[in-house]
Structures are given as C-alpha cells and as structure tokens.
Amino acid sequence: SNLRNVVMQTGRVNPEPYRRMHPEWRIIDYSTEFYKLIAGAEVVITHFGSTVLEALVYGKPTVVVPNPEWTRAATIEDSKYFVKKVNAVLVSTLKLENILMGIEEAKKKDLPVLPDGAKNLADLIMRLY
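Here the sequence shown is numbered in the numbering used here, starting from 1217 and rising by one per residue.
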C-alpha cells in the first residue's frame, strides 16, 4: 500500500508481533499523549468511540472500522448513524482495499465545524453568577 508514517496503537495487545510485520510503522501499546499523534496525522483510522471525536477536534479526516468480534461494542447501525453526524467514512468490511478507498474518500470530505464547547460552558457557568 501507499501508507506512510503509520502509527498504530494496539491497546492491551502486545505490539511486538506487529512491529516485526511492519518495522517501518510506529506501533505502540498505549500513549498518554495520543492526542499529539492524532494532531500530527493526515487521516485517523479507528473503531467506533471517542477517538472519532478527538480526530474531529483536530480537523482530521476519519475512517471508522468497526470490529465485528466486539459483541458488546456499538452495532454497525450505530456506527452508520455516528459517521453520518461527524462526516466520517464507515468501512464495514475489513479488507485493505476497502480501508484504502475509505482513506481517499475521507480526505475529500468537508469536516463539520465544532463550536468551542469549553467557552460555551464557561459562559453558561458565568451567567449563573
């Protein structure tokens, strides 16, 4: 594939086997500064969850790939609704060519502009006093 500068976070899964498969990728298990990786990304590929919103905050095109093995996670229908709201791309069949097409599609989308939630909340609190 033509993927460059790939960072993959594995979570609780040992990253070593993946590092051996792709030594050119930066593969980590966890980072307390994951937001910096998102901020520096060209595109974010993730499962359904808060990373989608973090990517949106940084203005990053996003591809959502649900994990069919996670039976207690969001359903495909939930994912469809969510990606529509944040103008992300849903790749429901896990194949490399689908992910690559999803990346290209995500790069072409206009990202929604989010209001400044922190300022809005501060203004609301100040109005109470």
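Cβ coordinates follow ideal geometry from the N, Cα and C atoms, glycine included.
Since we're looking at a predicted model, the values are computed, not measured.
{"Query": "For residue 1262: DSSP bridge partner residues", "Result": "1280"}
{"Query": "Nearest-angstrom Cβ-Cβ length linking residue 1259 and residue 1315, presumed shorter than 8 Å", "Result": "Residue 1259 to residue 1315, Cβ: 10 Å. No contact."}
{"Query": "Three-state secondary structure (DSSP) of residue 1223", "Result": "strand"}
{"Query": "Test item: CB-CB of residue 1232 and residue 1251 under 8 Å", "Result": "no"}
{"Query": "Every unbroken alpha helix (DSSP H) within the segment 1281 to 1339, with a cutoff of 4 residues, ordered by chain", "Result": "1292 to 1302 and 1312 to 1324"}
{"Query": "Near the ligand GTP: residue 1268 beta-carbon under 7 Å from a heavy atom", "Result": "The ligand GTP is not among the ligands present in this structure, which contains no ligands whatsoever."}
{"Query": "Reduced DSSP secondary structure (H/G/I, E/B, other) of residue 1242", "Result": "strand"}
{"Query": "Residue 1317 versus 1284, 1261 and 1245, residue with shortest Cα-Cα distance", "Result": "1261"}
{"Query": "Contact check, residue 1303 vs residue 1331, beta carbons under 8 Å", "Result": "no"}
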